[in-house]
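Written out below as structure tokens is the structure these notes cover.
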Amino acid sequence: MNKYIALVGERTPPTAVKKMLSFPAVFDVVKLPFDTSVAPQIGDHPDTLLCIFGDTLYVHQSYARTAAAQLSYISEKCSLKLFTSPDERSASYPFDCGFNALVIPERNVLIGRKKSLATPLKALCSANINQGYAGCSALYADKTVITADPSILKAAESLSLPTLHISGNGISLPGYSEGFIGGAGGYIDKKLFLFGDIQTCDWRDLLTDFCTKRNIKIVQLEDSPLTDRGGIKFVEVKNL
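Residue 210 in the numbering used here sits at position 199 of the sequence shown, and the numbers go up by one each step.
Written out as structure tokens, the structure is:
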């Protein structure tokens, strides 16, 4: 069985971490510290902090210092090269979403707003879209792109990727009017881990049917409404 490190935000509840670690495929959970360069509401969100594409972990050069211990551990355990970017970084859009991209590992595909991406990721972009927050706006599970965003749906379909179109309503993101499905969880090993309960979401039946047909287990990590915490980035361990 493949083993993974789950990258989550610093504010992820200990009970959610404990539940993830109860699954054999999860080798470890690493909480990522805040990046004070971006808005505090999303300052510890993995989809804002970094992008992993191929064998490289991309981060901003200032965050590489802030999270030096965590990034070193991830790089060593998962055999990833660390690439730091000096691009402008701030709480203002689009300077807060340089690493916020949707990555499809099996296809070596990266989807994002090319103008907004950090310089090293621009050349790797397979499909240019209008959505600057591609990583938090879509969830990739069982070779399917799940999203409410029309530009991501169009890009996925142009790449012959299966899609599941949801409304996206009902996801909380403290400090903002709403959150997004990509920021609400992550997927590995036929398990869809979610930060909260989908029962208050009007698209719950769509997702439940999707998972049932594919023998995917939905793992509810919190007893609360579905919440955008910046997603869970699962990275395969190469060095146990």
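Backbone N, C-alpha and C fix where the C-beta goes; we use that ideal spot for every residue, glycine too.
In the three-state reduction of the DSSP assignment, S148 falls in the helix class, which pools H, G and I. For S169, the three-state secondary structure derived from DSSP is helix. Around the CB of M12, fewer than 16 other CB atoms lie within 10 Å, so the residue is classed as exposed.
Annotation for A75: the continuous alpha helix (DSSP H) segment containing it runs Q72 to T77. Assignment of K154 by DSSP, reduced to helix, strand and coil, places it in the coil class. If the five residues before and after L61 are omitted, its C-beta is found closer than 7 Å to the C-beta atoms of L68, Y69, V70 and F110, all from its own chain and listed in chain order.
Note: D107 is not bridge-paired with any residue in the DSSP secondary-structure output.
Contact annotation, D208 with L237: C-beta distance approximately 6 Å; criterion of less than 8 Å satisfied. As far as DSSP is concerned, K133 takes part in no beta bridge.
The bridge partners DSSP lists for L251 come to none. For L43, the enclosing beta strand (DSSP E) starts and ends at V37 to L43. One Cα belongs to P24, the other to G242, and the distance between them is close to 13 Å.
Selection F206, S188 and G186 evaluated against G194 yields F206 as nearest (Cα-Cα).
Relative to the Cα of I163, the nearest Cα in the group G54, A145, E247 and S86 belongs to A145.
In this chain, the beta strand (DSSP E) harbouring T174 covers T174 to H176. Closest in alpha carbon position to V37, among A17, T155, S235 and Q52, is A17. Burial of Y74 is indicated by the presence of at least 16 other C-beta atoms within 10 angstroms of its C-beta. Put simply, of R225, G123 and I229 the residue whose alpha carbon is nearest the alpha carbon of L135 is G123. The residues V156 and T174, in chain order, have a CB closer than 6 Å to that of A167 in the same chain once the five nearest residues on each side in sequence are set aside.
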